[in-house]
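Each remark here refers to the structure printed beneath this line.
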Amino acid sequence: MTLVSKIPKTRFILVFSLASTPAFLLFHANVHGNEREKINSDDITRILDRLLDGYDNRLRPGSGGGVTEVKTDIFVTSFGPVSDVEMEYTMDMFFRQTWVDERLKFEGPTEILRLNNLMVDKIWTPDTFFRNSKKSISHNMTTPNKLFRIMKNGTVLYTMRLTISAECPMRLMDFPMDGHACPLRFGSCEYCRCFLKRGLNCP
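Residue numbers (the working numbering): 278 to 480.
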């Protein structure tokens, strides 16, 4: 009885802690970002105009040359429910992708361009999809939950908040002593591995 009563409480605290951390970090970054924008707004506007002048977002970085490497990592804010009837699971997460676009290198008074989601449609972004998902939701309240950064060396950071319901094949013959591993598979709709390589962005 004691063990059962403690497990839900521990899980609740853990999920709350993970979910609250990104909100604090984003708020902290936005406050300081606004201060920098007031100081360097004219310079940043000129940098963006130069970057987008002649930029073709239909072409991947290194098109016609080498392979484009996209590194990914996932910050899970909540996991569940898991349905043994539908054989699926649901999780809420921040899905982060990083790649280098040589066309976006810049010189200026700032090391990082902190941009809103409107910039996403103006440059090339990976066409990532989740192979075993049944349902995917991109959060848009009160605005699209996306974070977009361009570093001086052309490195791009693109983060979005998603809720994914994905397939999880289960073998239930050994219930209740069974254990399961639920995968999340993702890839590119358009590009094969010879053009686009994916990897985990491990700390």
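Every residue gets a Cβ at the ideal spot worked out from N, C-alpha and C, and that includes glycine.
Keep in mind the model is a prediction, meaning the values are calculated, not measured.
In this chain, the beta strand (DSSP E) harbouring GLY464 covers 463 to 465. Three or more beta-carbon pairs separated by less than 8 Å are not found between the stretch 338 to 347 and the stretch 364 to 372, which leaves the two stretches without contact.
Within the same chain, and ignoring the five residues on either side of MET396 in sequence, the residues whose Cβ sits closer than 7 Å to its Cβ are PHE425. With contacts defined as CB atoms closer than 8 Å, PRO403 and VAL344 fail to qualify as a contacting pair. Annotation: the continuous beta strand (DSSP E) that includes TYR366 extends over 365 to 377.
Burial is judged here by how many other beta carbons sit within 10 angstroms of a residue's own beta carbon; ASP369 has at least 16 and is buried. DSSP, read as helix, strand or coil, puts LYS348 in strand. When Cβ pairs closer than 8 Å are counted between the two stretches, the stretch 379 to 393 is seen not to touch the stretch 407 to 417, the count staying below three. Taking the CA atoms as reference points, SER355 sits about 30 Å from MET428. Cα atoms of LEU439 and PHE406: separation of roughly 12 Å, rounded to the nearest angstrom. Here DSSP, grouped into helix, strand and coil, assigns SER340 to coil. When rounded, the separation of the alpha-carbon atoms in LEU329 and LYS399 is 8 Å. Here ILE400 carries a coil assignment [DSSP, helix/strand/coil]. Note that the C-beta distance between THR375 and LEU434 is below 8 Å. For a cut-off of 8 Å, the C-beta gap from ASN422 to ALA443 is around 19 Å, too long to register as a contact.
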